[in-house]
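Q: Here the protein sequences line up with chains Z and W, keeping their order.
Under UniProt numbering, the first residue of the first sequence carries the number 1, and numbering increases by one thereafter.
Under UniProt numbering, the first residue of the second sequence carries the number 1, and numbering increases by one thereafter.
For every residue, glycine included, the Cβ atom is placed at its ideal position computed from N, Cα and C.
One structure, pasted below without further comment.
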Amino acid sequence: MTIWQRIRAHWGTATWLRTLHVATGLLTGLLSGAVIVALVAASVLLVWTVAVPVIAVALLFWTLPLFTALQRSRFTAHLNVHIPPLPRRDFSPHPLKWLVPQARALSTWRQLAYHLLCPLLNGLGSVALLVTWGGTLAMIFLSVRAFDISPRPWLGMLFALIGVGLFLAAPLVARAFTWVDVIAGKALLGPALSDELAQRVETLQESRAEVIDAADAERRRIERDLHDGTQQRLVWLAMNLGMARATLTDLPEPARQVIAQAHEESKQALKELRDLVRGLHPAVLTDEGLDAALSGLAARAPFPVRLSVDVRQRASATIEAVAFFVVSEALTNIAKHAEATEATITVVRRGDRLRLAVRDDGRGGAAPERGTGLRGLAQRVGSVDGELRIDSPSGGPTTIEVELPCE
Amino acid sequence: MRVVLAEDSVLLREGLTWVLGSAGMEVVAAVGDAEELLRAVGEHQPDLVVTDVRMPPSHRDEGLRAALVLRRQRPGLPIVVLSQYVEERYASQLLSTETTGVGYLLKDRVADVAEFVEALRRVAAGGTALDPEVVAQLLLRRRSDPLDQLTRREHEVLALIAEGRSNGAIAEALVVSEGAVGKHINNIFAKLGLSGADDKDHRRVLAVLRFLKV
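Encoded structure:
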């Protein structure tokens with residue numbers, strides 16, 4: 001950057017925009033400050049009327065976002081500084097439902113603080129700018145006079161020096177005041193860190209729920225596709241091989257063996273596919289709910305299982321799928337590791353909580369750190385904000401309790 | 001024998017029609033959903049109905065619901081329900097109507113054509129055909145009750161009775177004499193407290209009912 005460019009930049013458009021920013025800040029600040037002070041004063045002075053303070057506060061809360069929007073556009077227009085908007089609060093026709101959250105929100109008081117600070121800050125800025133620019137002009141005038149009228153060149157030099165100093169300082173003053181104003185504006189008019197975090201948590205929660213629902217829907221879709229397509233084809237294939245095996249008895253022995261082998265393989269493939277598909281999402285769960293799906297699981301377990309299900313209102317498909325998965329995993333674990341002779345499953349829905357408990361009389365010592373099964377269980381339960389408790393002292397018995405939220 | 005067949009997969013419907021046809025059965029109607037099934041049964045008065053559980057429009061348990069409706073409308077109409085998965089709940093619902101002339105089989109069983117056709121004939125003749133998987137599930141489930149007194153062999157025999165087999169078929173399956181099967185059955189009746197009943201077939205059904213707890 002050449003010196004000439006530097007000089008041009010120093011007194012360039014940006015400087016004038018900053019100066020304008022301070023000037024408009026004084027105007028808008030005076031306006032908002034006056035309104036706020038007037039409303040507060042009215043409600044304090046007329047507090048005994050009750051109606052006036054309520055109306056004044058309502059008006060105040062109503063005008064605050066307008067002033068904030070005005071200020072935000074001022075920052076954008078002059079300085080190209082974008083202050084992120086605050087989360088909007090929906091207007092409620094019920095005055096208390098609208099006023100109380102407003103009054104409790106930190107952002108309301110932060111905005112108020114800015115609108116009161118703005119006239120002071122920009123007032124000071126305006127005075128400072130007036131002094132520097134006005135001073136520059138005055139010094140030029142004075143030094144010209146000093147050289148011209150009374151021959152006192154040292155005084156003229158002094159005035160000229162001060163004038164140059166003021167002329168140099170003016171853009172810096174504008175810059176300094178806008179800098180402070182930007183800091184104040186960003187801190188008080190933008191969303192607070194906690195608000196931002198809260199908003200982000202909300203978004204994340206929503207998107208997580210969507211992801212989980214999508215995964216569950218995907219599981220059901222895969223199950224349906226396999227059921228409607230692959231399984232039917234395999235049945236057809238096995239049926240045809242069965243027919244061939246039964247009717248083509250006059251074929252040479254090797255050919256018959258090949259057919260027999262293919263027939264057996266196709267049946268095995270069907271069985272494997274069936275187990276896989278059932279693990280994805282059993283159709284009976286969709287049709288008849290947890291009770292039916294869990295009794296199917298209980299019946300399949302290689303040990304007696306007592307099952308009691310008290311669920312009058314069905315939970316969402318996702319929650320049901322998680323509950324089914326929990327019991328399925330728990331029973332698989334018991335079969336694999338627990339050496340149990342029996343198990344008890346209880347499922348109860350109370351309000352918006354679904355409580356599951358799986359107990360076995362096995363040898364205990366189950367810990368999530370030791371196996372992927374229990375960890376997977378904890379993850380799946382955690383994915384829907386459920387709670388998992390495992391009580392498994394060495395020597396048994398083991399109890400797995402799960403609580404799932406359902407709307 | 002006149003059969004009405006309900007199966008939504010065209011491929012399987014054709015295949016089953018062919019299998020049944022080659023076994024000497026006449027498929028008078030092959031339909032693709034539960035409503036058509038009800039209509040076809042009303043129209044053709046078949047000797048046997050074979051239906052899939054899952055069918056359009058919602059691809060849930062329409063076939064089973066239709067079977068239950070048919071059982072109520074026409075008591076004694078033999079029905080075989082085919083299912084991709086064996087679910088105890090579907091089996092109990094089906095058996096809760098009547099245990100004669102009912103079949104609940106895994107779809108895979110179609111692969112063993114001869115056995116499948118034999119099961120269909122049994123049901124058409126008023127017998128039962130329960131999939132070994134259903135029986136196995138129920139057997140596991142009911143281990144902690146009077147049935148505990150049964151020996152392993154007696155369990156096997158009772159399971160085969162529940163599947164709907166005759167004494168001859170049971171003897172063949174277990175590779176024992178028919179007399180031995182008869183002895184086992186008498187022991188089972190005794191242990192289940194069914195020795196007093198005088199009608200043999202009735203006792204068989206009672207034993208199965210006790211076994212299935214339906």
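Tell me, to the nearest whole angstrom, how far the beta carbon of W/V31 is from that of W/I79; I am working on the premise that it is less than 8 angstroms.
A: Residue mapping note: residue 31 of chain W aligns to position 31 of the second sequence, counting from 1. Residue mapping note: residue 79 of chain W aligns to position 79 of the second sequence, counting from 1. A Cβ-Cβ separation of about 14 angstroms leaves W/V31 out of contact with W/I79 under the 8 angstroms criterion.
Q: Which of helix, strand or coil does DSSP assign to W/D112?
A: Looking up residue 112 of chain W in the second sequence gives position 112. Here W/D112 sits in coil by DSSP.
Q: Can you give me the start and stop residues for the alpha helix (DSSP H) that Z/S32 sits inside?
A: Residue numbering aside, residue 32 of chain Z sits at position 32 when the first sequence is read from its first letter. From DSSP, the alpha helix (DSSP H) with Z/S32 extends over 13–45.
Q: Scan the stretch 313–338 of chain Z for residues whose Cβ lies nearer than 7 angstroms to a Cβ of chain W and list them as they occur along the chain.
A: none
Q: In the DSSP assignment, find the beta strand (DSSP E) that holds Z/G364 and state where it starts and stops.
A: Here residue 364 of chain Z corresponds to residue number 364 of the first sequence, with the count starting at 1. It is not in any beta strand (DSSP E) - Z/G364 carries neither H nor E in the DSSP assignment.
Q: Should the stretch 145–155 of chain Z be regarded as contacting the stretch 101–115 of chain Z, the criterion being three or more beta carbon pairs within less than 8 angstroms?
A: no
Q: Would W/K107 count as contacting chain Z if we go by Cβ distances under 9 angstroms?
A: The count along the second sequence starts at 1 and reaches residue 107 of chain W at position 107. It does: the Cβ of W/K107 has a partner Cβ on chain Z nearer than 9 angstroms.
Q: List the whole-angstrom C-beta distance separating Z/A357 from Z/T399, where the pair is believed to meet the contact cut-off of C-beta under 8 angstroms.
A: If you number the first sequence from 1, residue 357 of chain Z lands on position 357. If you number the first sequence from 1, residue 399 of chain Z lands on position 399. Taking 8 angstroms as the upper bound for CB-CB distance, Z/A357 and Z/T399 are in contact here, some 6 angstroms apart.
Q: Within 10 angstroms of the Cβ of Z/Q313, are there 16 or more other Cβ atoms? Answer buried if so, exposed if not.
A: Here residue 313 of chain Z refers to the residue found at position 313 when the first sequence is read from its first residue. Burial call: exposed.
Q: With distances taken between CB atoms, is the gap from W/T128 to W/G164 smaller than 9 angstroms?
A: Locating residue 128 of chain W in the second sequence gives position 128, counting from the first residue. Locating residue 164 of chain W in the second sequence gives position 164, counting from the first residue. In this structure, W/G164 lies closer than 9 angstroms to W/T128 by Cβ.
Q: Measure the C-alpha to C-alpha separation of Z/E210 and W/V208 and round it to an integer number of angstroms.
A: Stepping through the first sequence from its first residue, residue 210 of chain Z is reached at position 210. Stepping through the second sequence from its first residue, residue 208 of chain W is reached at position 208. Linking Z/E210 to W/V208 through their CA atoms gives a straight-line distance of about 48 angstroms.
Q: Helix, strand or coil, according to DSSP, for W/L11 in the structure here?
A: Counting from 1 along the second sequence, the entry for residue 11 of chain W is found at position 11. Reduced to three states, the DSSP call for W/L11 is helix.
Q: Three-state secondary structure (DSSP) at W/R60?
A: Looking up residue 60 of chain W in the second sequence gives position 60. If DSSP states are grouped into helix, strand and coil, W/R60 belongs with coil.
Q: Along the beta strand (DSSP E) that carries Z/R224, what are the first and last residues, could you check?
A: Here residue 224 of chain Z corresponds to residue number 224 of the first sequence, with the count starting at 1. Element bounds for Z/R224: not the beta strand (DSSP E) but the alpha helix (DSSP H), 193–225.
Q: Using the Cβ count rule (16 or more neighbours within 10 Å means buried), how would you classify W/N186?
A: Counting from one through the second sequence, the residue named residue 186 of chain W turns up at place 186. That one is exposed.
Q: Any idea what DSSP makes of Z/G135, helix, strand or coil?
A: In the first sequence, counting from the first residue as 1, residue 135 of chain Z sits at position 135. If DSSP states are grouped into helix, strand and coil, Z/G135 belongs with the helices.
Q: Taking Cβ positions only, does W/Q84 come closer than 9 angstroms to chain Z?
A: Position 84 of the second sequence, counted from the first residue, corresponds to residue 84 of chain W. Yes, W/Q84 lies at the interface with chain Z (some Cβ there is under 9 angstroms from its Cβ).
Q: By DSSP, does Z/P53 sit in helix, in strand, or in coil?
A: The residue you call residue 53 of chain Z lines up with position 53 of the first sequence. Z/P53 falls in the helix class under three-state DSSP.
Q: Are any of the Cβ atoms in chain W nearer than 9 angstroms to that of Z/L404?
A: Counted from its first residue, the first sequence places residue 404 of chain Z at position 404. Taking Cβ atoms only, chain W never reaches closer than 9 angstroms to Z/L404, which makes this a no.
Q: Residues in its own chain within less than 6 angstroms of Z/D216 by CB, not counting five upstream and five downstream?
A: If you number the first sequence from 1, residue 216 of chain Z lands on position 216. Once the five neighbours on either side are set aside, the close Cβ partners of Z/D216 are T318, A321.
Q: Report the CB separation of W/A82 from Z/Q232 in whole angstroms; it is logged as a contact under 8 angstroms.
A: Within the second sequence, residue 82 of chain W is the residue found at index 82, counting from 1. Within the first sequence, residue 232 of chain Z is the residue found at index 232, counting from 1. Reading off the sequence, residue 82 of chain W comes out as Leu, not Ala. Not really, about 11 angstroms apart at Cβ, beyond 8 angstroms.
Q: If you drop the 5 nearest sequence neighbours on each side, which residues of the same chain put their C-beta closer than 7 angstroms to that of Z/I334?
A: Walking along the first sequence from the start, residue 334 of chain Z turns up at place 334. For Z/I334, where only same-chain residues beyond five positions count, the Cβ hits under 7 angstroms are A340, A343, D360, G362.
Q: Starting from Z/V347, follow its DSSP beta bridges and name the residues at the other end.
A: In the first sequence, counting from the first residue as 1, residue 347 of chain Z sits at position 347. DSSP, once it has assigned bridges, lists Z/V309, Z/L356 as partnering Z/V347.
Q: Could you list the residues in the stretch 268–281 of chain Z with a C-beta less than 9 angstroms from some C-beta on chain W, going in chain order?
A: For the stretch 268–281 of chain Z, which is checked against every Cβ of chain W, the residues closer than 9 angstroms are L270, K271, R274, V277, R278.
Q: If you reduce the DSSP assignment to three classes, tell me which class Z/A340 lands in.
A: Locating residue 340 of chain Z in the first sequence gives position 340, counting from the first residue. Coil at Z/A340, not helix or strand.
Q: Comparing C-alpha positions only, which one of W/L5, W/A125, W/V113, W/R153 sits nearest to W/T100?
A: If you number the second sequence from 1, residue 100 of chain W lands on position 100. For W/T100, the nearest C-alpha among the options comes from W/A125.
Q: Which residue from W/V28, W/E172, W/R210 puts its Cα closest to that of W/Q45?
A: Translated into positions along the second sequence, residue 45 of chain W becomes position 45. Ranking the options by Cα distance to W/Q45, first place goes to W/V28.
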